[in-house]
Every structure is written in C-alpha cells, then in structure tokens.
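Trainee: Read left to right, the sequence shown gives residues 4 to 441 (our numbering).
Beta carbons are placed, not taken as given, at the ideal position from N, Cα and C, and that holds for glycine.
Note that the structure is a prediction, hence the values are computed from the model and not measured.
My questions will all concern the structure given below.
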Amino acid sequence: MVKKRKRKSKKKSKRAKKSKQDKKSPSSKEKEESPIMREKKHQARRTSIKEGMFATSSFYFGNHYLSPFAIAINSSSSMVAMLSSISGLLGPITQLFSSKLIEKYSRKRIVLKAVFWEAIIWLPIILIGFLFYKGIITNILPLFFLLIFSIHIIISNTSGPAWFSWMGDIVDETYRGRWFAKRNLINGVITIFAALATAFFLDYFKSKGWTIFGFMILFAMAMILRLVSWRLFKKQYEPKINLKKGEAHMNFWSFLLNSPKNNFGKFSLFRFSISFAQSIAGPLFVVYILRNLNLSYTTYITITIMTTVFSIFLIDLWGKFADNYGNYRTIVFSSFLIPAIPILWTLSSSPLYLIFVPTIISGIAWSGFHLASGNFIYDNVSQEKRGPAVSYFNMLRGFGMFLGAGLGAILIGYLPADLFIEPIIFIFLLSGIMRMLS
C-alpha cells in the first residue's frame, strides 16, 4: 500500500510539474497548433507588416495634413482644435458599437469594409479643396470640412476593435513585444521618408501659389495607398474565433464601475487622464508652428517626424524591456517624461531647438508608452473580450481627448491677447501641469 501511494504521489508531482511548465511557457498554445496553422499565421504576420507600410504612408500623405489643410481653407484656431475634440468623441463611440459586430461578422469582413470606405472618403475632401480654389462657397467650406472629417473619423474607427482582436490571434504572446516593436520600427522608417517627401512637395507647391492643389494631390495619393492596404488585408489569414452571441460583449457601465478593481480598468482610467491632459495642448501644436511662429511645412514636418526618428532607435530596446520586465514597468518609466514635453515647447522658438530637444524626450516617452499600452491590453484581457475591451479603453481615452481638446479650443478662443504670457504658451504650460497630476 505504501508503494502504491508513493507511485501515485510521484505521478501527481509529475503532473504538477507539467502543468507548471505549461503555465510558465506561453508558447505552449503555439506548440499545440499544426504546422499548417503556424505557417498561415506566419504569412499573416508578414502580410500585416506590408499592410502597415502602406497604411502608414497613407496616414502621412493624408490624415497628417488634415489640420494644416483646415488652416489653409481659413478655419479658425478654435475649429482646428475642435478636429481633435471630434476625433476623440466620435472615434471611441464608433468603436463601442462596432465591437458588437464581431459577434455577427468575421473580423476580416469588418476591416475590409471599413478600410475600403476609409479610402473613398478622401474624394469629398479633395472636392472641398477644389471648391476653395475656385472661390465657391468658401465661407461655409470649413463647416463642410468639419462634417466630412466627422464621417471620416467614424469610418476609420469602425475597424479598430476587429483589427485589434485579429492581430492578437496571429501574434503569440511570447514575442509580442518584439514583433510589434519590429512592425513599429518599419513603419517609423516609412514615416520619415513619407513625411519628408510630402513636406518638400507641399512647400514647393506653396512657393508657386498652388498650396491647395498640393493638398489635393496628397489626399489622392492617400486614397490610392489605402486601397493598396485594403488589397493586402484581403490576402491576410484570419484565425477562426468561436463566439456565442453576447459572449464577447461587456456592459460599459459595469466595466466603468469595476474599473478600480482590476488592472485593465485602472489603466483605462489612467489613460483617460493622460489623454485629457495631452489634448489640452496637442491639437494646437500645428497652430503654434504654422500661425504663431510662421514656420514652413518642411520645418513643421521635420519637427513632428524627429519624434519618430528617436523612437526608431529606442523601439527595439523598449520591446525587449517589455518582454523581460513587463509592460507595467515600461508604462511607469515612460510616463515620468510625458509631463515635460509641452513645457519644453515653450522654452525657445528656435527651429533647431524645436527639432531636437523636445522631440528627443517625446520619442523616448511615447515610443515606450504606446508599445506597452497595446501589449498591456493583450496581457490583461481574454481573447473573446478583446474587441469590446479595446473599444471601452478607447472610449475613455477618446472622451479624455474630447474634453481636453474642447478645453483647449475654449481657452485659445477666449483667453485675452494681453495675458501676462501668450495664450497658447499658457495652454502648453497648463497641459504639462495636468500631465504631472495624472
């Protein structure tokens, strides 16, 4: 009897060891997959990197120039700030509803439909440029642009939860930090070339008095590049996800009430506060550079892409750091630098200073913060709830953007010009203080 008990205890200890090993090795799920499935996911990851290159190029040919375009068609500074406010409100609300589509349709189908119409929506924006050039209804064109911009935000955010859930199923958690770091690195390089090329292009057209035509050509290129991105999505493999109706859905209000009780909820509230503080000044940066300092498009783009340049040198290190020490520590370390960024913008108006000093700190801080934020959600939310979880996360983040950008728009519109400091500088300082309090 004693021998039998010993044998049983040995068997139990072996099973316990095996179960511990399974828990320790996150790649056990990947090992259980067939070679065919692993190859499909491998090809999907390769396709995703290619798609990201075209999506990034489309963004820097189009989306990145929407605020400068608004300035070019004589939109007020408050209206330019309101673009971010609208984006922060409509984007997350759209994702809140689109996350439920995962229960009815495949994630691939949702992404394909949204990306296609995201490309087509550039046509009415190009039309606005043409009408402005011809001097037709120029007084109401800023409002018309605001309407089309709102539709653009709704369409482009429809695919968010589905894409996030889809990517979570093709990238294994054991190398998720490194893989997304690699993808971001490649996209960062594309950003530099796309941003510089478009800036020189736009400045050339500006020197000839054809600024609006320059915008129209860039937006047409953005549409074409997004259609290429759409074609690549059609080729990308989507793993099956078995969901019953209502299984993936979480009630937003119960999520909000339970937020202080779990890691993901606490992080979502923290992201709300950071977004609020950031958006007080963020949307006004383009106004500060192009209107207050009267710098060229090339200088503006050079300043904005230098953050990406410094991110490229650090993203791989952040990815390894996140894999080795965790996403929480990565977020903590990068968050310490975020309050300094808007304050640094106020210290000098020298283009050389603006190109190098604030951008170094911004590149270090935001590259680690954004990388770890996405991975933190993957680590703390189960597969079937990722769609609604990311929509709720973005809802809080976007609501923070809406309130922050709205406050910035009110302040820039109503602060007296004879304030003890320039109103826009006051707003930058306020943003830095609010980030510290977050």
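Nearest-angstrom Cα distance between residue 360 and residue 59?
Mentor: 25 Å
Trainee: Write down the C-beta distance between residue 402 and residue 274 rounded to the nearest angstrom, noting that I regard them as a contact closer than 8 Å.
Mentor: Not quite, the Cβ-Cβ distance comes to about 10 Å (not below 8 Å), so this is no contact.
Trainee: For residue 327 versus residue 378, is the C-beta distance shorter than 9 Å?
Mentor: no
Trainee: According to DSSP, simplified to helix, strand and coil, what is residue 175?
Mentor: Reduced to three states, the DSSP call for residue 175 is coil.
Trainee: Which parts of the segment 325-396 are runs of the alpha helix (DSSP H), unbroken and 4 residues or longer, counting only runs that do not cross its ends?
Mentor: 330-338, 343-348, 354-383
Trainee: Distance check for residue 290 and residue 347, CA to CA, integer angstroms please.
Mentor: One alpha carbon belongs to residue 347, the other to residue 290, and they sit about 17 Å apart.
Trainee: Which one of 223, 198, 95 has the shortest CA to CA distance from residue 163?
Mentor: 95
Trainee: Where does residue 26 sit, in a helix, a strand or coil, going by DSSP?
Mentor: Reliability fails at residue 26, whose pLDDT of 40 lies under 50, so the model's placement of it is uncertain and no value is given.
Trainee: Output yes or no for whether 9 Å exceeds the beta carbon distance between residue 399 and residue 272.
Mentor: yes
Trainee: Residue 285 and residue 215 - do their beta-carbons sit closer together than 9 Å?
Mentor: Result no, Cβ atoms of residue 215 and residue 285 do not sit closer than 9 Å.
Trainee: Going by Cα to Cα distance, which pick from 39, 309, 179 is closest to residue 363?
Mentor: 309
Trainee: Under the rule that 16 or more other beta-carbon atoms within 10 Å means buried, what is residue 170, buried or exposed?
Mentor: buried
Trainee: Going by DSSP, what residue range makes up the alpha helix (DSSP H) through residue 120?
Mentor: 110-123
Trainee: Run the CB neighbour count on residue 141, radius 10 Å, all protein chains shown included, and call it buried at 16 or more, exposed below.
Mentor: exposed
Trainee: Suppose contacts are defined by Cβ-Cβ distances below 9 Å. Is residue 125 in contact with residue 222 by that definition?
Mentor: yes
Trainee: Pull up the CB-CB distance for residue 152 and residue 86, whole angstroms please, since I reckon it's below 8 Å.
Mentor: 6 Å
Trainee: Mind checking residue 261: buried by the 16 CB within 10 Å criterion, or exposed?
Mentor: exposed
Trainee: Suppose the cutoff is 6 Å on Cβ atoms and the five residues either side in sequence are ignored; what does the same chain contact list for residue 4 look like?
Mentor: The predicted model places residue 4 with a pLDDT of 44, which falls under 50 and marks its position as unreliable, so this point remains unresolved.
Trainee: Out of curiosity, what's the CA-to-CA distance linking residue 48 and residue 409?
Mentor: 38 Å
Trainee: Enumerated in chain order, which unbroken segments of the alpha helix (DSSP H) with a length of 4 residues or greater are wholly contained in the segment 34-119?
Mentor: 38-64, 69-75, 80-101
Trainee: Rounding to the nearest angstrom, what Cα-Cα distance links residue 440 and residue 280 in this structure?
Mentor: 9 Å
Trainee: Rounded to the nearest angstrom, how far is the Cβ of residue 2 from that of residue 342, given a contact under 8 Å?
Mentor: In this structure the chain extends from 4 to 441, so residue 2 is not present and cannot be described.
Trainee: Measuring CA to CA, which of 40, 63, 42, 144 is closest to residue 220?
Mentor: Out of 40, 63, 42, 144, 63 has the C-alpha closest to the C-alpha of residue 220.
Trainee: Rounded to a whole number of angstroms, what is the C-alpha to C-alpha distance between residue 111 and residue 433?
Mentor: 42 Å
Trainee: Which residue's Cα is closest to the Cα of residue 237: 257, 114, 296, 72?
Mentor: Residue 237 has its Cα closest to that of 114, out of 257, 114, 296, 72.
Trainee: What span of residues does the alpha helix (DSSP H) with residue 438 cover, start to end?
Mentor: 426-440
Trainee: In whole angstroms, what separates the C-alpha of residue 101 from that of residue 89?
Mentor: 18 Å
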